[in-house]
Amino acid sequence: KIQVVVREKGDDYVVTEVMNDAAISSRKGFNLPDTYVDGAAMTPKDIKDLEFCLKNIDFDWVALSFVQKQEDILQLRDMMGDHKGKVLAKIEKPSAMDNLKSITDVCDG
8 KIQVVVREKG
18 DDYVVTEVMN
28 DAAISSRKGF
38 NLPDTYVDGA
48 AMTPKDIKDL
58 EFCLKNIDFD
68 WVALSFVQKQ
78 EDILQLRDMM
88 GDHKGKVLAK
98 IEKPSAMDNL
108 KSITDVCDG
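Counting in this note's numbering, the sequence shown runs from 8 upward without gaps.
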């Protein structure tokens, strides 16, 4: 694990100092405990995968990871159009707990 210390932060950036000699490899995420990360839950890859599935696969469920707010689910539903697939919200961030009722109001599981 890489350990960093925040040395400076601004509205749209953060400067950190790496505190150990761990290596970063590709396709890895990062954890920001107790931090709300602004932006959509759907990545460009998620959007591309959903578009493929809508055109080529008869699916019953789709799950969205890292849901933080109702709008994350509504974006997915909007992209699905009139597809009858159900939506599962994966609650993986503490910040989603503040919006749990509104999230569960618009998903199926």
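Just so you know, even glycine gets a beta-carbon here, dropped at the ideal spot from N, CA and C.
In chain order, 93, 94, 95 place their CB closer than 7 angstroms to the CB of residue 115, counting only its own chain and leaving out the 5 sequence neighbours on each side.
Taking 7 angstroms as the cut-off, the beta carbon of residue 82 is found no closer than this to the beta carbon of residue 102. Across the structure, residue 43 and residue 73 are spaced so that their CA atoms are roughly 11 angstroms apart.
In terms of Cβ geometry, residue 113 and residue 77 form a close pair [threshold 7 angstroms]. About 38 angstroms separates the beta carbon of residue 57 from that of residue 26, a gap too long to meet the 8 angstroms contact definition.
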